């Protein structure tokens, strides 16, 4: 296993980490076996989030006795100081640890980021927790290119997590800037939310990029770990067959794929279009139906409320048939 330094955090981490979303569909004992396997393979980076239901709790149980062998990263969608302070304490309790290596602001939009960094915002709680030794470092995760750009300019941002794979290339230039600014880059959605079925090809492509510090595929069984480790440890250049396959997959996915760039916003009636498509992806591809339906149910405006004005489609750089896609989501979620 190759190791890299996670930007200005100074943490030495494995090139491949463990994405903690899929363990929601297993149990504590299975998670414990997965953690033992990670130790065997030299994987020491774990990603989870307060919003991933039981993920933090399962990991807390599974890491007892071996917690010091891992760099734990989690995140919260709280935007205010009080809410973030409470979430940090909740995460510490769930993870059964007295410190968290990396705590991240989870996917803020531009307006929410203003709240985070403003008076009484979540950043104040994060900085205080860092001073108290409750967290080691502070990062940010994003789906928006604009938020990614802003994050690069903040001294307190030590890591940035963003989607990157051979389909989603909207952040490619910004990943290079992370390297220039010594900000650790954490690659999420390496399989494009499950749209890319060939995990080996997807991971090999990502690991060819030296500016990616760590890639975090979600894994819920030993076989997935074995396959992903093999892919990430294969440093040979992509062959012509692999390159041709990548181009073929791009053509197959065509326009029916949301990159979550958010250029379609704002929706005339307030639908969070990228969120609808994100939850639909979890419903269709990740075998997380209950979780996807719960997240979808929390949306204040559902896909069914689309008035078909079409403004979103005029803004989409990928020319997605968003109205038809929203109709499909309405059928899948039932509202």
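In the numbering used here, the protein residues as written are 944 to 1278.
Yeah, the Cβ is synthetic: ideal placement off N, Cα and C, and Gly gets one too.
Keep in mind the model is a prediction, meaning the values are calculated, not measured.
Q: Using the Cα positions of residue 1064 and residue 1135, report the straight-line distance between them to the nearest angstrom.
A: Those two C-alpha atoms are separated by around 31 Å.
Q. So, is residue 1018 buried or exposed, given that buried needs 16 or more other C-beta atoms within 10 angstroms?
A. Residue 1018 sits buried, since 16 or more C-beta atoms from the chains shown fall within 10 Å of its C-beta.
Q. Based on the DSSP output, what are the partners of residue 1019 in its beta bridges?
A. Answer by DSSP bridge pairing, in chain order: 1048.
Q) Among residues of its own chain, excluding the 5 on either side of residue 1219, which ones have a beta-carbon nearer than 6 Å to its beta-carbon? A) Cβ neighbours of residue 1219 beyond the five flanking positions: 1246, 1272.
**Q.** As assigned by DSSP and simplified to three states, the class of residue 1137
**A.** Taken through DSSP and simplified to helix, strand or coil, residue 1137 comes out as helix.
Q: Determine, using beta-carbon pairs with one atom in the segment 1037-1054 and one in the segment 988-1007, whether at least three such pairs fall under 8 Å.
A: Yes, since at least three Cβ pairs between the segment 1037-1054 and the segment 988-1007 fall closer than 8 Å, the two stretches touch.
Q: For my contact list, residue 1158 and residue 1149 are in at a C-beta cut-off of 8 Å; report their separation, rounded to the angstrom.
A: Contact flag correct, Cβ pair sits at about 5 Å.
Q. So, helix, strand or coil for residue 957, using DSSP?
A. The DSSP-derived three-state label of residue 957 is strand.
**Q.** Where the beta strand (DSSP E) through residue 993 begins and ends
**A.** Where residue 993 is concerned, there is no enclosing beta strand (DSSP E), given that its DSSP letter is neither H nor E.
Q) If you pair each beta-carbon of the segment 1040-1059 with each one of the segment 1075-1083, do three or more pairs fall below 8 Å? A) Contact between the segment 1040-1059 and the segment 1075-1083 is present, because at least three Cβ pairs lie under 8 Å.
Q | Limits of the beta strand (DSSP E) - the one that residue 946 falls within | A | Looking at the DSSP string, the run of the beta strand (DSSP E) that includes residue 946 is 946-948.
Q. Looking at the structure shown, is residue 1083 part of a helix, part of a strand, or coil, going by DSSP?
A. DSSP, reduced to helix, strand and coil, places residue 1083 within a strand of the structure shown.
Q.
Closer than 8 Å is the cut-off here; do at least three beta carbon pairs connect the segment 952-963 with the segment 986-1000?
A. Between the segment 952-963 and the segment 986-1000 there are three or more C-beta pairs closer than 8 Å, enough to call the two in contact.
Q: Please look up how many angstroms separate the CB atoms of residue 1192 and residue 1139, rounded, as I've assumed it's under 8 Å.
A: Confirmed, Cβ separation roughly 6 Å.
Q | Run of the alpha helix (DSSP H) containing residue 1129, from where it starts to where it stops | A | No alpha helix (DSSP H) holds residue 1129; the beta strand (DSSP E) holding it covers 1127-1131.
Q) Looking only at C-alpha atoms, which of 1048, 1141, 1163 sits nearest to residue 1091? A) Ranking the options by Cα distance to residue 1091, first place goes to 1048.
Q: Note down the Cα distance separating residue 1102 from residue 980, rounded to an integer number of angstroms.
A: Residue 1102 and residue 980 have their C-alpha atoms some 26 Å from each other.
Q | Assigned secondary structure, residue 952 (DSSP; H/G/I helix, E/B strand, else coil) | A | The three-state reading of DSSP puts residue 952 in helix, counting H, G and I together.
**Q.** Per-residue burial, residue 1180 [other beta carbons within 10 Å of its own, 16 or more giving buried]
**A.** Residue 1180 comes out exposed.
Q) Per DSSP, what kind of secondary structure is residue 1225 in: helix, strand or coil? A) In the structure shown, residue 1225 falls within a helical segment according to DSSP collapsed to helix, strand and coil.
**Q.** Closest residue to residue 1165 among 949, 946, 969 (Cα-Cα distance)
**A.** Ranking 949, 946, 969 by Cα distance to residue 1165 puts 969 first.
Q. Assuming residue 982 and residue 1012 make a contact with CB atoms under 8 Å, what is their CB distance in whole Å?
A. At roughly 6 Å, the Cβ-Cβ gap stays under 8 Å, so residue 982 and residue 1012 are in contact.
Q) Can you pull the DSSP bridge partners for residue 1043? A) Beta-bridge partners assigned by DSSP to residue 1043: 1078.
Q.
Among 951, 985, 996, 957, whose alpha-carbon lies nearest the alpha-carbon of residue 1325?
A. The structure shown does not extend to residue 1325, since the chain is modelled only from 944 to 1278, so the question has no answer here.
Q. What does a CB cutoff of less than 8 Å around residue 1141 pick up in its chain, not counting 5 residues either side in sequence?
A. The residues are 1188, 1192.
Q | Of the residues 1085, 1066, 1026, 1067, the one placed nearest residue 1053, counting alpha carbons only | A | Among 1085, 1066, 1026, 1067, the Cα nearest to that of residue 1053 is on 1085.
Q. Quick one: what's got a C-beta closer than 6 Å to residue 1021's C-beta in the same chain, skipping five residues either side?
A. If we look at residue 1021 and ignore the five residues flanking it on each side, its Cβ neighbours are 1027, 1030, 1065.
Q: Determine which residues share a DSSP beta bridge with residue 1217 and list them.
A: Under DSSP, residue 1217 takes part in no beta bridge, so it has no partner.
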